[in-house]
Every structure is written in structure tokens, then in C-alpha cells.
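J.: Quick mapping for you: the protein sequence lines, in order, are chains A and B.
Residue 10 is where the first sequence starts when you use our numbering, and the numbers rise one by one after that.
Residue 333 is where the second sequence starts when you use our numbering, and the numbers rise one by one after that.
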Amino acid sequence: SQQGEEDPQALSIQEGENATMNCSYKTSINNLQWYRQNSGRGLVHLILIRSNEREKHSGRLRVTLDTSKKSSSLLITASRAADTASYFCATDGGYSTLTFGKGTMLLVSP
Amino acid sequence: ETGVTQSPTHLIKTRGQQVTLRCSSQSGHNTVSWYQQALGQGPQFIFQYYREEENGRGNFPPRFSGLQFPNYSSELNVNALELDDSALYLCASSPRQGMNTEAFFGQGTRLTVV
Chain A
10 SQQGEEDPQA LSIQEGENAT MNCSYKTSIN NLQWYRQNSG RGLVHLILIR SNEREKHSGR
70 LRVTLDTSKK SSSLLITASR AADTASYFCA TDGGYSTLTF GKGTMLLVSP
Chain B
333 ETGVTQSPTH LIKTRGQQVT LRCSSQSGHN TVSWYQQALG QGPQFIFQYY REEENGRGNF
393 PPRFSGLQFP NYSSELNVNA LELDDSALYL CASSPRQGMN TEAFFGQGTR LTVV
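#1: Tell me which residue opens and which closes the beta strand (DSSP E) that residue 61 of chain A is part of.
#2: Pick helix, strand or coil for residue 99 of chain A, following the three-state DSSP scheme.
#3: Which same chain residues end up closer than 7 Å to residue 399 of chain B when comparing Cβ atoms and leaving out the 5 residues on each side of it in sequence?
#4: Does the count of Cβ pairs from the region 45-52 of chain A and the region 21-37 of chain A closer than 8 Å reach three?
#5: Using 8 Å as the threshold, is the region 22-36 of chain A in touch with the region 49-59 of chain A, meaning 3 or more CB pairs across them?
#6: Would residue 111 of chain A pass as an interface residue toward chain B - the criterion being a Cβ-Cβ separation below 7 Å?
#7: According to DSSP, simplified to helix, strand and coil, what is residue 415 of chain B?
#8: Taking Cβ-Cβ distances shorter than 8 Å, what residues in chain A pair up with residue 387 of chain B?
#9: Closest Cβ-Cβ distance between residue 54 of chain A and chain B: below 7 Å?
#10: From the beta carbon of residue 349 of chain B, is the nearest beta carbon of chain A less than 7 Å away?
#11: Got a sec? Which residues, its chain only, sit under 7 Å from residue 397 of chain B by beta carbon, not counting five neighbours each side?
#12: Use the C-beta contact count for residue 357 of chain B: other C-beta atoms within 10 angstroms, 16 or more gives buried, fewer gives exposed.
#13: Bridge partners for residue 377 of chain B per DSSP, in chain order?
#14: Is it the case that the region 105-115 of chain A contacts the region 365-376 of chain B, given that we only count it when at least three CB pairs across the two stretches are under 8 Å?
#15: Give every residue of the same chain whose Cβ lies closer than 6 Å to the Cβ of residue 380 of chain B, excluding the five residues on either side of it in the sequence, and list them in chain order.
#16: Should residue 58 of chain A and residue 74 of chain A be called a contact, given that it needs their Cβ atoms to be closer than 7 Å?
#17: Using C-beta distances below 7 Å, list every residue in its chain close to residue 10 of chain A, excluding the 5 sequence neighbours before and after it, in chain order.
#18: Can you pull the chain B neighbours of residue 49 of chain A, defined as C-beta to C-beta under 7 Å?
#19: Give, in chain order, every residue of the region 360-371 of chain B whose Cβ lies closer than 7 Å to some Cβ of chain A.
#20: Three-state secondary structure (DSSP) at residue 91 of chain A?
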């Protein structure tokens with residue numbers, strides 16, 4: 010079963026714009042992770058935020074976590090065409106078993 | 333590129349057949365998890381192996397089984413293939429079983445059942 014639900018399902022922006030994706034989940038978590046997937050290939054880990062953290066940055070990525078609302082957001086600033094991919098949030102309830110959402114498809118046009 | 337390798341990359345099987353997919357985990361990782369990703373969906377957890385023992389299983393029938401070897405590589409076996417088993421199968425390794433560690437994914441095996 011899917012735990013997280015990403016919103017929107019698809020997002021189309023121009024290069025240089027910011028992209029924001031949201032994720033909601035249902036049960037308690039130890040951490041929440043964001044992954045990128047290009048063209049149905051393997052998943053690339055982007056960032057991990059622990060349940061006791063509220064915000065985390067990595068390069069052009071900013072992730073927030075609100076455990077009271079069971080939600081997270083991923084912000085990609087100054088998007089590039091190379092950021093075109095599907096983005097998934099995944100919750101980890103412990104022991105590194107991940108529960109994924111259905112993902113957001115991001116298209117960044119030059 | 334992670335150090336996780338999967339083979340084969342693509343596979344076509346007939347309904348009712350059996351298939352074995354293989355995964356070599358990243359060096360030093362003792363935990364391997366398998367996921368099934370249907371087209372347009374997020375990955376679904378199948379099961380996890382830790383130090384050669386199954387340690388956690390998702391909502392998949394017993395015809396999905398696995399092994400982990402002493403070198404921590406792993407196999408996923410699926411018996412009596414059904415059309416709905418067509419999917420991308422992803423293997424992920426982690427440095428240790430526990431909290432707050434990222435997973436390193438292979439490129440996947442795309443299985444088509446006809």
C-alpha cells in the first residue's frame with residue numbers, strides 16, 4: 010500500500026523557476042526521504058530528514074517536515090532542464106524499509 | 333551511480349514460468365531490500381534481507397521469495413508468473429539495518445510477462 014501521497018502529480022515549469030512538491034503520509038515515521046527517478050531507471054537519494062528535524066538544505070534542495078500534519082515539502086530552486094524527472098517521497102518507519110508515494114513528474118523546459 | 337548492480341536489465345517471461353533476479357549490494361552493506369514498481373506507480377516494498385535472514389515482508393504472496401548470500405548479494409525469485417508481475421524490480425542496499433540511513437538503489441530489472 011502507498012503511504013505517502015505526492016502533490017501535484019505533475020508539474021511543468023520553465024528553467025530558472027522554483028519547483029515545490031508536497032507529500033503527505035499516514036503513520037508515524039523515523040525519517041522521510043526524497044528520491045529522484047529518471048525515465049523509469051533506478052532511484053537516486055536526494056535528502057533524508059529525521060522526524061525531529063523541521064527543515065534541511067542540500068544545495069538547491071530544501072525539505073521541510075511537519076510531523077503534526079504528517080506532511081513534507083521539497084523545494085528545488087532555480088530549476089534546470091536536467092532536473093526533469095519523477096520525484097518520490099518515502100517514509101521510513103524503522104529498519105530501512107521504505108514506503109513510497111506515487112510520485113510527482115517534474116518537467117523543466119529550457 | 334551507486335555500487336548496487338542488478339542483472340539482468342531486461343527480461344521477458346511467459347505466464348506460469350519462474351524467474352530469478354540478482355542484486356549485488358554496495359560494498360560494506362549488509363541489508364538488501366527489494367521493491368516492485370509498476371508503471372506509473374511508486375515502488376512497493378517486497379521484502380528485506382539482513383545478514384542472510386528475511387527481515388520484514390510487504391504485501392506480496394509466498395511465490396515471491398528471496399535469498400541473501402554470505403557476501404550480502406541477493407536474489408529475488410518469483411514462481412508461477414502472472415501478467416501483473418510485469419514491473420521494474422529494484423534492489424536497494426543499506427549500510428546497516430537501523431534508523432536514519434539512506435538506501436542505495438540499483439538500476440533495476442524490467443520484467444515483462446506475456
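We put the CB at the ideal spot given by N, CA and C, even for glycine.
T.: The short version:
#1: Per DSSP, residue 61 of chain A belongs to no beta strand (DSSP E) and is neither H nor E.
#2: Judged by DSSP in its simplified three-state form, residue 99 of chain A adopts strand.
#3: The residues are 406 and 407.
#4: When Cβ pairs closer than 8 Å are counted between the two stretches, the region 45-52 of chain A is seen not to touch the region 21-37 of chain A, the count staying below three.
#5: No, the region 22-36 of chain A does not touch the region 49-59 of chain A.
#6: Cβ-Cβ to chain B under 7 Å: yes for residue 111 of chain A.
#7: Helix at residue 415 of chain B.
#8: Ordered by position in chain A, the residues that pass the 8 Å Cβ test against residue 387 of chain B are 104.
#9: Yes, contact with chain B.
#10: Among the residues facing chain A, residue 349 of chain B is not included, as its CB has no counterpart in that chain under 7 Å away.
#11: Cβ neighbours of residue 397 of chain B within its own chain (closer than 7 Å, five residues either side excluded): 409.
#12: It counts as buried.
#13: The partner list for residue 377 of chain B (beta bridge, DSSP) reads B:367.
#14: Contact between the region 365-376 of chain B and the region 105-115 of chain A is present: three or more C-beta pairs spanning the two stretches fall below 8 Å.
#15: Result list for residue 380 of chain B: 365, 387 and 388, in chain order.
#16: In this structure, residue 58 of chain A lies near residue 74 of chain A, with their beta-carbon atoms less than 7 Å apart.
#17: Legend: pLDDT at residue 10 of chain A = 45, less than 50; position of this residue unreliable, value from coordinates given subsequently. The same chain holds no residue with a CB closer than 7 Å to that of residue 10 of chain A once the five nearest residues on each side in sequence are set aside.
#18: Within chain B, the residues placing a beta-carbon under 7 Å from that of residue 49 of chain A are 420, ordered along the chain.
#19: Near chain A, meaning a CB-to-CB distance below 7 Å, the residues of the region 360-371 of chain B are 363 and 365.
#20: Of the three classes helix, strand and coil, the one that applies to residue 91 of chain A here is helix, per DSSP.
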